[in-house]
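A.B. asks: Below is the structure I would like to discuss, written out as structure tokens.
There are 2 protein chains.
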Amino acid sequence: MDQLRALRYFSKVVETGSFTRAAAEFSVPPSSLSRRVADLEKSLGADLLKRSTRSVQLTEIGQIYFEQVQDILFQLEQSDETVRSYQAKPTGQLRISSLVGFGEQLLLPLLDEFKALYPEIILDVSLSDELSALGRDDVDVAIRGGYAPNERVRAIRLMNNEFIPVASPTYVAEMGVPEDVFELREHKGIYFRTPRGPTPWLCEIAGEWHDVSAPAVAVSNNNRWLADQAIRGQGIMMAPRWSLGDYLGRGDLVELTFDPQLRVSQNPELAIYLLYQKQRYLVPKVKAAVDFLVARLQRE
Amino acid sequence: MDQLRALRYFSKVVETGSFTRAAAEFSVPPSSLSRRVADLEKSLGADLLKRSTRSVQLTEIGQIYFEQVQDILFQLEQSDETVRSYQAKPTGQLRISSLVGFGEQLLLPLLDEFKALYPEIILDVSLSDELSALGRDDVDVAIRGGYAPNERVRAIRLMNNEFIPVASPTYVAEMGVPEDVFELREHKGIYFRTPRGPTPWLCEIAGEWHDVSAPAVAVSNNNRWLADQAIRGQGIMMAPRWSLGDYLGRGDLVELTFDPQLRVSQNPELAIYLLYQKQRYLVPKVKAAVDFLVARLQRE
DNA sequence: TTATTTAATTGTCATAAAGACAACAATATG
DNA sequence: CATATTGTTGTCTTTATGACAATTAAATAA
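The structure is reproduced here in structure tokens:
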């Protein structure tokens, strides 16, 4: 029995929920799948699917087996691609996913140069603050806050992701410099909205965390627009230092300092990471992208 | 092409270093392996092996592929076993590995009861302080100090592994109670020898670690014998609290206390863990053993 | 309830892939 | 230089998979 073929058949039947549809994808008659899956079940001595003419359902053990088989097939796919593309020129489609703000300000400006270096790589860039499934077939390289989701993914720390409070000089002149974090509650707040809601302003005092957010005058998931609002004196904004570009240098915005520090997360280790599947580092296009991006983006 | 068969052939050729020997293990002619591996190489578009009539060597990419393939084959093997043994009675050979001291004192006394509960499980117990490769085919359940080696292994904390200094009342009467850790250097030491050498006595004072070991009067990897030495007043011993059984209760040994505490490792989180492959928890014999051992050994 | 439709299984034959065995080529070893 | 060992190649046989038609089972509609 060609076990691997049986596994691919089984897997596809589960995915499509039908022998007929799965058979169509392999361009073989459904009877082939029926037999191969039956062989597989016989060799395992357990039923994987409950067939009821009109629908196909996983048994309990089938569910467990399916998940593990999916993983195995995926890994094998990746290993094969690694070998196949070994010592070839970087080429093919490369999918990069990045945080929106980071992508707009730092990643996109680099990509022209990357394209010039590797003209045969077709870039597919998606900016989203939702986390994409690097574990599956979605993305080759991802830039994210937070850590590696599992041990097969390598995370390279690109830079600090420290959020600092800023406001325009005009705003400060008008509203005064807040001396104490609790004074902030009398100010105006400009908030970035993540997929999990706006980010509050937090402060740890004597081991306890306090929410010291000001009333909101602007909320958006668009960093650029929020920065404009801040520059025009609409309020105080907490933003990653890297996102402020030259606003601080030119004096468009000034940093406000507090003791203890104002934060947006209880996690002190906020950073931006570049993520990729370890296994795939040898795929030329992936290696080219990782090496390029780390060289250009890593700051410490 | 039966890709999986090709992978098994390839893998075995690498393991045995020879087409002929590998073929013998599958009971097929060497020509079959030759053809299958050649097919595989053709489909991958890369050479995996350097053949030189008298010897077979991996190419660079072959080495990488081989490692990944080994892992995939192993996982598939495990998934298949999980399904095959699903909803069967706990049966078959169960390999347990444990730290020597822990095994002798706590594990072995439990096993008669386990055998009575699951008479169809054939136990294969090996006691060793070397860490066994849970990742490969060696062991079903392991009891170890330290942590899980990777994300596929689950580690259940069984109990604290705090080492405390003890001596017999006669020894203390004769030599006096050491008040300060540095006084220990004038005492007599009884040491357990791990595979990495005897365990020194350490103490952290003002952030700095000091080795305050006494000259050795006895060194062994046999806990029981060392305890006998200590009871007979030969010296001071650092031993895990669990290993002392009722010696403290009966007054055979007394605990010495120091401030700051005397330790055998800079790692404060020493504990005993039960380890098993997550994937294999559904194999009845593994589940039976894990559940039984955790129920009997877990203390907090 | 019964007819109809759709999906999965089973039977039979054709085809393709892997194994068996012998012959051959290449390279160490004596 | 001869011999033994190892891997490859040629040819035939065996086995397993695919193709297509026929059959069975279940869900939907009359």
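Protein sequences appear in the order of chains A and B. Note that numbering that gives the first Met the number 0 has the first sequence beginning at 0, numbered continuously upward. Note that numbering that gives the first Met the number 0 has the second sequence beginning at 0, numbered continuously upward. Yeah, the Cβ is synthetic: ideal placement off N, Cα and C, and Gly gets one too.
#1: Considering only the beta carbon of each residue, do B/I63 and A/L281 sit closer than 8 Å?
#2: Determine the extent of the beta strand (DSSP E) in which B/N149 is found, giving its start and end residues.
#3: By the criterion of Cβ-Cβ separation under 7 Å, what are the contact partners of A/V300 in chain B?
#4: Three or more C-beta pairs closer than 8 Å, one from the region 92-106 of chain A and one from the region 250-270 of chain A: is that the case here?
#5: Starting from the C-beta of B/D161, find all residues in its chain whose C-beta is less than 6 Å away, skip the five residues before and the five after it, and write them out in chain order.
#6: With distance defined between alpha-carbon atoms, name the residue in B/G61, B/L39 and B/P194 nearest to B/V13.
#7: Would you list, in sequence order, the uninterrupted beta strand (DSSP E) runs of no fewer than 3 residues that lie entirely inside the region 144-185 of chain B?
#8: With 16 as the cutoff for other CB atoms within 10 Å, does A/W208 come out buried or exposed?
#9: Whose CA, out of A/V140, A/A22, A/S17 and A/F65, lies closest to the CA of A/Q278?
#10: Grab the span of the beta strand (DSSP E) containing A/Q92 for me, first residue to last.
#11: Tell me which residues of the region 21-32 of chain A have at least one Cβ-Cβ distance to chain B shorter than 7 Å, keeping chain order.
#12: Rounded C-beta distance between A/M158 and A/L296? I'm assuming under 8 Å.
#13: Looking only at C-alpha atoms, which of B/T58, B/S54 and B/R35 sits nearest to B/D46?
#14: Measuring CB to CB, does A/R94 end up less than 8 Å from A/D128?
#15: At which residues does the beta strand (DSSP E) containing B/Q56 begin and terminate?
#16: I'd like to know whether the C-beta of B/E119 is nearer than 8 Å to at least one C-beta of chain A.
#17: Residues of chain B with CB under 7 Å from A/E150, in chain order?
#18: In chain B, what lies closer than 8 Å to A/L57 by C-beta?
#19: Looking only at C-alpha atoms, which of A/K284, A/Y8 and A/Y272 sits nearest to A/R298?
#20: If you measure from the beta carbon of B/Q265 to each beta carbon in chain A, is any gap under 8 Å?
#21: Looking at the secondary structure, which residues open and close the alpha helix (DSSP H) in which A/F191 lies?
#22: Helix, strand or coil, according to DSSP, for B/W200 in the structure here?
#23: Within 8 Å (strictly less), CB to CB, does B/I71 reach chain A?
#24: Counting contacts by CB-CB distance shorter than 8 Å, is B/Q278 in contact with chain A?
#25: From the DSSP output, in three-state form, read off B/P108 for me.
#26: Kindly list the residues whose CB is nearer than 7 Å to the CB of A/F181, restricted to its own chain and excluding five residues on each side of it in sequence; keep chain order.
#27: What runs of the beta strand (DSSP E), each 3 residues or longer, lie entirely inside the region 7-60 of chain A?
#28: Mapping DSSP to helix, strand and coil, what is B/R4?
#29: Just confirm the distance between the C-beta atoms of B/V218 and B/Y190, as a whole number of angstroms; I'd bet it's less than 8 Å.
#30: Taking the alpha helix (DSSP H) that B/W301 falls in, what are its first and last residues?
#31: Residues in the same chain with beta-carbon distance under 8 Å from A/A270, minus the five sequence neighbours each way, listed in chain order, please.
#32: Whose Cβ in chain A lies nearer than 7 Å to the Cβ of B/V68?
#33: For A/D1, go through chain B and note every residue whose CB falls closer than 9 Å to its CB, in chain order.
#34: Which residues mark the beginning and the end of the beta strand (DSSP E) in which A/L126 is found?
#35: Taking a contact to mean a Cβ-Cβ separation below 8 Å, would you say B/P164 touches B/I235 in this structure?
#36: Along chain A, which residues have their Cβ under 9 Å away from the Cβ of B/Q74?
C.D. replies: Walking through what the data contain:
#1: Yes.
#2: Segment: none, B/N149 is in no beta strand (DSSP E) and carries neither H nor E.
#3: Outside the displayed range of chain A (0 to 299) lies residue 300 of chain A, so it cannot be described from this structure.
#4: With a cut-off of 8 Å, the region 250-270 of chain A and the region 92-106 of chain A do not count as touching, because too few Cβ pairs lie within range.
#5: Looking at the sequence itself, residue 161 of chain B is Glu, so the reference to Asp does not match. Closer than 6 Å at Cβ, skipping near neighbours: R240.
#6: B/G61
#7: 152-159 and 162-166
#8: Only exposed fits A/W208, as fewer than 16 other CB atoms lie within 10 angstroms of its CB.
#9: A/V140
#10: G91 to S97
#11: none
#12: 7 Å
#13: That would be B/T58, whose Cα lies nearest to the Cα of B/D46.
#14: no
#15: S54 to L57
#16: Nearest CB-CB separation between B/E119 and chain A: not below the 8 Å threshold.
#17: Within chain B, the residues placing a beta-carbon under 7 Å from that of A/E150 are N149 and E150, ordered along the chain.
#18: The premise fails here: A/L57 is roughly 12 Å from chain B at the closest Cβ pair, so nothing lies under 8 Å.
#19: A/Y272
#20: no
#21: Careful: A/F191 lies outside any alpha helix (DSSP H), inside the beta strand (DSSP E) at G188 to T193.
#22: Note: B/W200 maps to coil in three-state DSSP.
#23: yes
#24: In terms of beta-carbon proximity, B/Q278 lines the interface with chain A, with at least one pair separated by less than 8 Å.
#25: helix
#26: If we look at A/F181 and ignore the five residues flanking it on each side, its Cβ neighbours are V211.
#27: 48-51 and 54-57
#28: helix
#29: 5 Å
#30: In the structure as shown, chain B starts at 0 and stops at 299, and residue 301 of chain B therefore has no counterpart that could be examined.
#31: G144, R156, L157, M158, N159 and N160
#32: S78
#33: Residues of chain B passing the Cβ test: M0, D1, Q2, L3 and R4.
#34: I120 to L126
#35: Cβ atoms of B/P164 and B/I235: closer than 8 Å.
#36: Q67, D70, I71 and Q74
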